[in-house]
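Numbering (the working numbering), first residue to last: 2 to 156. Remarks on the structure that follows.
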């Protein structure tokens, strides 16, 4: 049985919008009950991280054009883990889609199945600031929070 830890104690989740933290909490509860597992990729991204994602084709947005570029971030990437690896099967993302919809969040679907964002984030005031280049979600790789493996699952 997995130990349930306080999600707000995880540095990566401290830097995302509260509705996205709730998404992770609900998926964590499902993972514990159903025996599933998820990996959190990126919440907030610094300018260097966002531009790296753009150059590598993992994002179509430059820095400042993505919900990941604010602190707290208005977007997060959550991946189902199946047989020890990130799943590429769209059916494995059904719980992410369902919980996102229940919370009024936007799940991007087949084009970016791991990505969930706050609805209308483009119209929100960007007064939260942006993560600087010293913030590195990669530094959290390998930390387990309930059913979640924290780190960059975008390989």
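Just so it is clear, CB atoms sit at the ideal spot from N, CA and C, and this is done for glycine as well.
Looking only at its chain, what residues have a beta carbon closer than 6 Å to the beta carbon of residue i, apart from the 5 residues adjacent to it on each side?
{"i": "residue 44", "result": "13, 16, 17, 74 and 77"}
{"i": "residue 122", "result": "68 and 75"}
{"i": "residue 88", "result": "81"}
Could you give the DSSP three-state label for residue i: helix, strand or coil?
{"i": "residue 78", "result": "strand"}
{"i": "residue 17", "result": "strand"}
{"i": "residue 119", "result": "coil"}
{"i": "residue 5", "result": "Legend: pLDDT at residue 5 = 25, less than 50; position of this residue unreliable, value from coordinates given subsequently. Residue 5: coil per DSSP, three-state reduction."}
Which residues in the same chain have their Cβ closer than 7 Å to the Cβ of residue i, if we skip the five residues on either side of it in sequence?
{"i": "residue 70", "result": "46, 51, 64 and 131"}
{"i": "residue 100", "result": "24, 27 and 28"}
Might you give, ordered along the chain, the residues of its own chain that have their beta carbon closer than 8 Å to the beta carbon of residue i, omitting 5 neighbours on each side?
{"i": "residue 109", "result": "116, 117 and 118"}
{"i": "residue 91", "result": "111 and 114"}
Give me the Cβ distance between residue i and residue j, rounded to the nearest whole Å; I'm assuming they're in contact under 8 Å.
{"i": "residue 20", "j": "residue 106", "result": "6 Å"}
{"i": "residue 97", "j": "residue 79", "result": "6 Å"}
Would the C-beta of residue i count as close to the ligand NAD, meaning under 7 Å from any of its heavy atoms?
{"i": "residue 65", "result": "This structure simply doesn't include the ligand NAD, nor any ligand for that matter."}
Problem - Continuous beta strand (DSSP E) assignments of at least 3 residues falling wholly in the region 31 to 95 - result: Listed in chain order, the complete beta strand (DSSP E) runs (minimum 3 residues) inside the region 31 to 95 are 39 to 41 and 76 to 83.
Handout entry: Stretch-stretch touch, CB-based, cutoff 8 Å, three pairs: the region 85 to 101 with the region 51 to 62
Key = With fewer than three CB-CB distances shorter than 8 Å, the region 85 to 101 does not count as touching the region 51 to 62.
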